[in-house]
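Residues 407 to 887 (our numbering) are what the sequence shown spells out, left to right. All residues carry an ideal CB built from backbone N, CA and C; glycine is no exception. Every value quoted in this text rests on a predicted model; they were computed, and no experiment measured them. Comments concern the structure below.
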Amino acid sequence: MRLQLSFRLAEYWLASLFQRGARKTYGTVYPCLFWLGPLGGGSCDFLAPSSVLFAVCFLAAASAFRISRPQPAAYLGVVVSLLFSRDIQLWGEMTEVTREVFGHLPQKGGGGAVEKFLLKSDRVQVEIISLGCIITALETKGRDGNLSDIVLGFDRLEGYVNKHPYFGATIGRVANRIANGKFTVEGKEYQLALNNPPNSLHGGNKGFDKVLWTPEVLLNGIRFSRTSPDGEEGYPGELKVWVTYTLDGGELAINYRAQSSSTTPISLTNHAYFNLAGQGSHDIYNHMVSIEADSYLPVDDTLIPTGLFTDIVQCFRAAVSFFLWFLEPLCELLEQAVCSSRASLCCLPPGEVAAVQDTAFDLRKPVELGRHMQKFQLPGFDHNFCLEQSAARHYCARAHHPPSGRTMEVYTTQPGIQFYTGNFLDGSLEGKGGSVYPKHSAFCLETQNWPDAVNKPHFPSALLRPGEEYNHTTWLKFTAA
407 MRLQLSFRLA EYWLASLFQR GARKTYGTVY PCLFWLGPLG GGSCDFLAPS SVLFAVCFLA
467 AASAFRISRP QPAAYLGVVV SLLFSRDIQL WGEMTEVTRE VFGHLPQKGG GGAVEKFLLK
527 SDRVQVEIIS LGCIITALET KGRDGNLSDI VLGFDRLEGY VNKHPYFGAT IGRVANRIAN
587 GKFTVEGKEY QLALNNPPNS LHGGNKGFDK VLWTPEVLLN GIRFSRTSPD GEEGYPGELK
647 VWVTYTLDGG ELAINYRAQS SSTTPISLTN HAYFNLAGQG SHDIYNHMVS IEADSYLPVD
707 DTLIPTGLFT DIVQCFRAAV SFFLWFLEPL CELLEQAVCS SRASLCCLPP GEVAAVQDTA
767 FDLRKPVELG RHMQKFQLPG FDHNFCLEQS AARHYCARAH HPPSGRTMEV YTTQPGIQFY
827 TGNFLDGSLE GKGGSVYPKH SAFCLETQNW PDAVNKPHFP SALLRPGEEY NHTTWLKFTA
887 A
């Protein structure tokens, strides 16, 4: 909070003195408060006892200085104020932003310099490159006060240019999977590349993670922008996109904005792989994870959300076709009636939304990942959890590593979060510092729209229309205890 309540109270109080004629006091003390207020501020709770006590002490000191000869209370107030100023952090938590060249893209990839930006506070350091707005490093403090890099990635640019599992990348135009790579918008069907057969995944063959973005350095972060041409990777409309990273103390915010010339599906996220024990640690089994969701989306073998009633119809259709082929037209009519008449009481739209209650997906209370997956014989998670649908910031997930004390809390404005436990990592890639990344060596908490939402009208809308703006933010809050 940039405007500290204690300073504001003192400022207003001294202003009232000025109005009553105490010009000498106002002229001496007020300028100091004026600069400490907006430029300091810090991050403390403005109702914290230390903040309130500081305000009281400072006001007492200011009152004592109103007379010609300062009283002992004045000096006492100043001393106590200074003692508590350490907790209040008078000058705030500044973010340092630096840049350097990380490497150059090969000419066959379009060429150009890739820059790396370092956002640094007293608790967190984040490195982001202009290729794919990729988070290449994220260092946070543990209980011992030491920094450790907690995201998977590579030491050199070549690792990000070659095929990799989207380490730290910005994903778009549409995160997650689109069934069969097809969708229909305003009566026109679009076919995307099937880069994850039989589906399209994370924007196609050359999604937002594989292109250079234009950077703009901010006071406490970095903003990337690009224009995705009409028809890029099969998507309609020219799309202007901005991705902004800002760091405030122990909290990293990622804001996504977009505007389109034509109606287009969109869902943006970041695909950072986390291991709070430090990247290169063998697994995440001792992590405690919780997700604030009452429901999730069951998926089929290709990780597309299932359609419970549609599956029943398809099974019925296959059975009848096998035994009584002449009833095929009847099945066609039945399928059309079920899937098109949403007003019918017996109609369930495709895309099952299941309650987490009494299932392996009930993560509303913290679970230890290793024991939980063993208990339910899970190969891992790769599922969307359905969040509160609100444009306001809301808490959605928490991961904690007891040995190091590191905790990451996730807040977002998005309607869903994909929890992925690195099921497809196989140890074949050489990561930072020569690390290998085997199965379950990291997890992802990807805030986004629901998978295949463009093909499921009862899911939160994935469409962005001309004149509208896509605007979502995710906050990652890091602490240690």
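Pairwise C-alpha distance: residue j and residue i
i, j, result
"F787", "G516", "36 Å"
"P512", "G565", "13 Å"
"L870", "S668", "8 Å"
"Q720", "T880", "Bear in mind that a pLDDT of 44 at Q720, under 50, signals an unreliable position, so the number given afterwards is only what the model happens to contain. Approximately 39 Å, taken between the alpha carbons."
"T542", "Q854", "21 Å"
"N829", "L653", "30 Å"
"H806", "S867", "32 Å"
"G837", "G538", "18 Å"
"D555", "T576", "19 Å"
"E638", "G833", "33 Å"
"A848", "Y641", "31 Å"
"L553", "A581", "31 Å"
"Q685", "E533", "14 Å"
"D561", "E592", "45 Å"
"L923", "H789", "The chain is shown only over 407 to 887; residue 923 falls outside these bounds and no answer can be derived."
"G509", "V520", "5 Å"
"R804", "V816", "6 Å"
"G811", "L558", "19 Å"
"L445", "N877", "Here the model assigns L445 a pLDDT of 35, short of 50, so the residue's position is not dependable and the matter cannot be decided."
"E875", "Q665", "5 Å"
"V842", "L835", "6 Å"
"Q531", "A699", "30 Å"
"R799", "G873", "24 Å"
"K646", "P809", "43 Å"
"N861", "E852", "20 Å"
"E545", "K514", "33 Å"
Helix, strand or coil at residue i according to DSSP, with G and I counted as helix
i, result
"Y702", "strand"
"D903", "Limits of the chain in this structure are 407 at one end and 887 at the other, which puts residue 903 out of reach."
"F830", "coil"
"A575", "coil"
"N626", "coil"
"E502", "strand"
"N586", "helix"
"R812", "strand"
"Y801", "strand"
"V762", "coil"
"N552", "coil"
"Y436", "Any reading at Y436 needs caution, since the residue's pLDDT is 35, under 50, leaving its predicted position unreliable; the model's value is listed next. Y436: helix per DSSP, three-state reduction."
"K514", "helix"
"Q824", "strand"
"N861", "helix"
"H688", "coil"
"E875", "coil"
"Y843", "coil"
"K569", "coil"
Where residue i falls, given that 16 or more other Cβ within 10 Å makes a residue buried
i, result
"V507", "exposed"
"M814", "buried"
"P635", "exposed"
"D858", "buried"
"V623", "exposed"
"K522", "buried"
"T818", "buried"
"N568", "exposed"
"F782", "exposed"
"K616", "buried"
"P821", "buried"
"F732", "Reliability of the predicted coordinates at F732 is poor, the pLDDT of 48 falling under 50, and the value obtained from them is presented with this limitation in mind. When all chains shown are included, F732 counts as exposed."
"P671", "buried"
"E502", "exposed"
"S796", "exposed"
Closest by C-alpha distance to residue i, when choosing among the options
i, options, result
"I628", "Q783, L525 and Y662", "L525"
"E758", "I823, V842 and C792", "C792"
"I584", "A805, I710 and A848", "I710"
"K883", "L563, G655, F630 and L553", "G655"
"I540", "W619, A868, L645 and F865", "W619"
"G518", "G578, L563, L831 and G613", "L563"
"F614", "G839, R579 and K845", "R579"
"L775", "V695, V557, V520 and N676", "V695"
"G609", "N676, K594, R529 and L851", "N676"
"P603", "E644, S631 and N586", "N586"
"T708", "E794, L607 and L682", "L607"
"P844", "A664, L658 and T827", "T827"
"L784", "A798, R770, A887 and T765", "T765"
"A678", "P571, N601 and Q763", "P571"
"C802", "I697, H778 and E595", "I697"
"G643", "T504, M779 and Y596", "Y596"
Contiguous beta strand (DSSP E) assignments of at least 3 residues, all confined to the segment 595-674 = 620-623, 627-634, 645-654 and 657-666
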